[in-house]
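S.K.: The structure under discussion is supplied below as structure tokens; questions concerning it will follow.
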Amino acid sequence: MPRPTTGTLHHVEIWVPDLDRAVASFGVLLEALGYTPFQSWAAGRSWRLGATYLVIERSPALTAGHHDRLRPGLNHLAFHVEGRDALDRLVGDVLGHGWTLMYPDRHPHAGGEQTYAAYLENDDGFEVELVASDAPRV
């Protein structure tokens with residue numbers, strides 16, 4: 001693995017109200033994106049891609065029982081996906097595994113006609129945006 005550059009994201013840690021439910025949804029999504037299981041302990045799991053990893057943890061220090069992406073804090077995570085076909089397959093693979101499609105009436109252009117993306121929300125209210133990396137079709 002090449003040495004990370006200054007400013008590259010090291011890790012993101014997300015506290016969740018239910019570890020099993022979060023692992024079921026995030027695990028399917030992250031592994032479909034190419035992440036591999038990295039760490040596992042009683043209160044959490046992590047997945048790694050290159051030098052970056054994502055942690056899902058049920059911390060005993062939680063002060064609320066749910067996530068509200070409309071309050072200060074994390075709104076969503078966005079991931080590149082190599083192409084429209086891969087994005088469509090990925091969305092099909094994760095729906096029903098704790099993820100639902102947001103803005104289905106505007107999918108896959110909810111971000112505008114020049115974007116091809118999927119906006120997903122899991123059962124705990126966390127949003128993930130998947131963005132196709134190929135050029136827009138006109």
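101 is the number that my numbering gives to position 101 of the sequence shown; each next residue is one higher, with no gaps. Even for Gly, the Cβ is constructed at its ideal location relative to N, Cα and C. On a predicted model such as this, the values are computed, not experimentally measured, just so you know.
Classify Pro-2 as buried or exposed, calling it buried when 16 or more other Cβ atoms lie within 10 Å of its own Cβ.
M.R.: By the neighbour-count rule (16 or more Cβ atoms within 10 Å), Pro-2 is not buried but exposed.
S.K.: As a quick exercise: from Ala-78, Thr-63 and Ala-118, pick the residue whose alpha carbon is nearest that of Asp-85.
M.R.: When each option's Cα is compared against that of Asp-85, the closest is Ala-118.
S.K.: With three or more beta-carbon pairs closer than 8 Å as the criterion, would you say the stretch 99 to 109 touches the stretch 58 to 69?
M.R.: Cβ pair count under 8 Å is below three, so no.
S.K.: Who are Arg-45's beta bridge partners in DSSP?
M.R.: Note: Arg-45 sits in a beta bridge opposite Ser-40 and Ile-56.
S.K.: Identify the residues that DSSP records as bridge partners of Ala-78: which are they?
M.R.: Answer is Glu-129.
S.K.: Could you tell me the alpha carbon to alpha carbon distance between Ala-132 and Ala-32, rounded to whole angstroms?
M.R.: Rounded to whole angstroms, Ala-132 to Ala-32 spans 14 Å at the Cα level.
S.K.: Mind checking which residues open and close the beta strand (DSSP E) that includes Leu-101?
M.R.: 99 to 101 is the span of the beta strand (DSSP E), which, as asked, contains Leu-101.
S.K.: Determine, using beta-carbon pairs with one atom in the stretch 68 to 77 and one in the stretch 85 to 99, whether at least three such pairs fall under 8 Å.
M.R.: No, the stretch 68 to 77 does not touch the stretch 85 to 99.
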